[in-house]
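Following: one structure in structure tokens, then a few remarks.
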Amino acid sequence: MDGSSMGIMNQRGGANGKPIRVLYSFPLKLGAERICYTAWQQVNGLSAAGAEVTVFSAAISRPLPANVKVRPTLARGKIRFPSRLLGRMAYARLHDWLVSRRIEKMAGQIDIIHTWPLGALRTLKTAAKLGIPTVLERCNAHTCFAYEVVQKECKRLGIAMPPGHEHAFNASILARESKEYDLANKLLCPSDFVARTFRERGFPDAKLARHQYGYDDKLYYPAAVPHTTNGGLTFLFAGGCAPRKGLHHALNAWSQSSASKDGTFLIAGTFIPGYAEVLSQQLAHPRVKVMGHRNDLPELMRQSDVLVLPSLEEGSALVTYEARGSGCVLLVSDAAGAVCKHMENALVHPAGDVAELAKHISMLHEDRNLFFKLRETSLSGIRDITWNAAGQKLLQVYREVVDLT
188 MDGSSMGIMN QRGGANGKPI RVLYSFPLKL GAERICYTAW QQVNGLSAAG AEVTVFSAAI
248 SRPLPANVKV RPTLARGKIR FPSRLLGRMA YARLHDWLVS RRIEKMAGQI DIIHTWPLGA
308 LRTLKTAAKL GIPTVLERCN AHTCFAYEVV QKECKRLGIA MPPGHEHAFN ASILARESKE
368 YDLANKLLCP SDFVARTFRE RGFPDAKLAR HQYGYDDKLY YPAAVPHTTN GGLTFLFAGG
428 CAPRKGLHHA LNAWSQSSAS KDGTFLIAGT FIPGYAEVLS QQLAHPRVKV MGHRNDLPEL
488 MRQSDVLVLP SLEEGSALVT YEARGSGCVL LVSDAAGAVC KHMENALVHP AGDVAELAKH
548 ISMLHEDRNL FFKLRETSLS GIRDITWNAA GQKLLQVYRE VVDLT
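Each position in the sequence shown, counted from 1, maps to that position plus 187 in our numbering.
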């Protein structure tokens, strides 16, 4: 490495031990549910890893570490501009515009900007003018891929996504996100599956950066005394009950498996309109229990043996990290974005392959030695998938992006 390169690294943070200065831009309520929770945990992990983080978020719903600078864009104190007045896209655009204006005054104070979909376009353009490296979070597969998969599966099932649902086709969202893809220096892909959906649409490897998500080991941990598995195993599906999650494939595979005779299949989640009606026969199976939305998921996971997630499209489902941390064996599709290896610490089937999924369910039911081997190996690696581990990995990605820009 020559002297000029070393000088750039020292100035931007990295080689000389100085913390990387991160501007983390999030266009929604940081710390709320789903991706808002993911973003909140990312910030916590980055702070623990040693990054110097400034958060520009529309609003904040959970406290952040004291060393994180918080600058809400659409809230002041307890007063928050309600997103329902503008709608999701307009709300995100307003946040984006405000962030783009603020960073114009922060040149030289930022090493890298972390953005999220729909709230990034102006920010990315301004950052490019200022010469600040940027990354764009890809919490799901390429949006075009996601729309196509969901539309195809809904058509096959004879249902439609509810109007306004995030996976109902929206040309404006697709167009805006496509522009964001092009402008960011790197697209943050939390799974090999996500990266693959971008490669298939012509994005070079140099544009893609692999990171991961995590789980909270204070909430999700194995039971002190593992419950007996002398009878049937307990299989758990946890998440939104919609076609993209593949619950219909799980239920069809369950009915074909040997586990359906004396095992238990739990469903924790709410159904989109029309989906439960299509699955009424499978849901009526005597060993299937529909539990609705649950607030006790950590305990429910500790009481279960296997997490089943046969998704057709995901980013990297947090439930797979949480289930591993709780001691569940993963039985997932290759589109679930899970951090696991087939026949080493999990069983992975091709997305949509009901026959292979049924085979895997039966394997775990009939071969308890296999079940315990997978469980033991899975638990031995859970320190590598906590949110702190994710923060360290993300910080390394930042360093690489900064060094290359």
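Ideal Cβ placement from N, Cα and C applies to all residues, glycine included.
Here the structure is a predicted model, which means the values were calculated and not measured.
Hey, out of the options, whose CA is closest to residue i's CA?
{"i": "V474", "options": "H436, V465 and I454", "result": "Reading the sequence as shown, one finds Arg at residue 474 and not Val. Ranking H436, V465 and I454 by Cα distance to R474 puts I454 first."}
{"i": "G237", "options": "A577, L311, D492 and V588", "result": "A577"}
{"i": "T330", "options": "R363, S498 and E239", "result": "R363"}
{"i": "A253", "options": "S244, N231 and V495", "result": "N231"}
{"i": "H547", "options": "V495, E509 and L281", "result": "V495"}
{"i": "L217", "options": "I247, L423 and Y211", "result": "I247"}
{"i": "N357", "options": "Y368, Y334 and K373", "result": "Y334"}
{"i": "V594", "options": "A410, E464, H536 and Y368", "result": "Given that the chain is displayed from residue 188 to residue 592, the structure contains no residue 594 and the question cannot be resolved."}
{"i": "G461", "options": "I569, L344 and T384", "result": "L344"}
{"i": "G514", "options": "Q228, T310 and E486", "result": "E486"}
{"i": "A307", "options": "R221, V465, S244 and L582", "result": "S244"}
Between which residues of its own chain and residue i is the CB-CB distance below 8 Å, once the five residues before and five after are set aside?
{"i": "C341", "result": "A347, M348 and P430"}
{"i": "Q469", "result": "H435, L438, N439, W441, S442 and V475"}
{"i": "H472", "result": "L438, W441, S442, S447 and F452"}
According to DSSP, is residue i helix, strand or coil?
{"i": "H436", "result": "helix"}
{"i": "G237", "result": "coil"}
{"i": "E353", "result": "coil"}
{"i": "Q198", "result": "Because Q198 sits at a pLDDT of 37, beneath the cut-off of 50, its placement in the model cannot be relied upon, and the following sentence gives the value as read from the coordinates. Helix, per DSSP."}
{"i": "A411", "result": "coil"}
{"i": "E340", "result": "helix"}
{"i": "R489", "result": "helix"}
{"i": "E531", "result": "coil"}
{"i": "I247", "result": "strand"}
{"i": "V242", "result": "strand"}
{"i": "A333", "result": "helix"}
{"i": "I572", "result": "helix"}
{"i": "R397", "result": "strand"}
{"i": "E464", "result": "helix"}
{"i": "K560", "result": "helix"}
{"i": "A619", "result": "Given a span of 188 to 592 for the chain in the structure shown, any question on residue 619 remains unanswerable."}
{"i": "K580", "result": "helix"}
{"i": "L499", "result": "coil"}
{"i": "H282", "result": "helix"}
{"i": "A226", "result": "helix"}
How far does the beta strand (DSSP E) with residue i in it reach, from first residue to last?
{"i": "A523", "result": "Here A523 belongs to no beta strand (DSSP E), and DSSP marks it neither H nor E."}
{"i": "F213", "result": "R208 to L217"}
{"i": "I346", "result": "First-last for I346: undefined, no H or E at that position."}
{"i": "A455", "result": "T451 to A455"}
{"i": "F424", "result": "T421 to A425"}
{"i": "T321", "result": "T321 to E324"}
{"i": "L596", "result": "With the chain represented from 188 up to 592, any question about residue 596 goes unanswered, as that position is not in the structure."}
By Cβ distance, which residues of its chain are closer than 7 Å to residue i, with the 5 residues on each side in sequence left out?
{"i": "L285", "result": "T260"}
{"i": "R397", "result": "C376 and A382"}
{"i": "A314", "result": "I290, I300 and T321"}
{"i": "G418", "result": "D449"}
{"i": "L557", "result": "M550 and L551"}
{"i": "V516", "result": "D492, V493, A533, L551, F558, L561, R562 and S565"}
{"i": "L311", "result": "T302, T321, E367, L370 and A371"}
Buried or exposed for residue i, going by 16 or more other Cβ atoms inside 10 Å?
{"i": "Q296", "result": "exposed"}
{"i": "F559", "result": "exposed"}
{"i": "E501", "result": "buried"}
{"i": "P497", "result": "buried"}
{"i": "M530", "result": "exposed"}
{"i": "V240", "result": "buried"}
{"i": "S287", "result": "buried"}
{"i": "R570", "result": "exposed"}
{"i": "L591", "result": "exposed"}
{"i": "S212", "result": "buried"}
{"i": "D483", "result": "exposed"}
{"i": "V541", "result": "buried"}
Which stretch, first to last residue, makes up the alpha helix (DSSP H) that contains residue i?
{"i": "M478", "result": "Premise fails: M478 lies in the beta strand (DSSP E), V475 to G479, not in any alpha helix (DSSP H)."}
{"i": "K312", "result": "L308 to L317"}
{"i": "H547", "result": "V541 to E553"}
{"i": "K366", "result": "A358 to L370"}
{"i": "L505", "result": "L505 to S513"}
{"i": "H301", "result": "Note, H301: premise wrong, no alpha helix (DSSP H); beta strand (DSSP E) at I299 to T302."}
{"i": "D379", "result": "D379 to R386"}
Going by beta carbon distance, what residues of the same chain come within less than 6 Å of residue i, once the five residues before and after it are set aside?
{"i": "V506", "result": "A425 and G426"}
{"i": "E509", "result": "Y402 and Y407"}
{"i": "S503", "result": "P377, S378, Y400 and G524"}
{"i": "V337", "result": "H354 and R431"}
{"i": "P250", "result": "none"}
Is the shortest distance between the beta-carbon of residue i and the beta-carbons of chain C less than 7 Å?
{"i": "R489", "result": "Absent from the structure is chain C; it holds one protein chain and no more."}
Confirm the yes/no value for this check: CB of residue i, any heavy atom of the ligand FMN, distance under 6 Å.
{"i": "H552", "result": "With respect to small molecules bound, the structure shown includes none, and the ligand FMN cannot be examined in it."}
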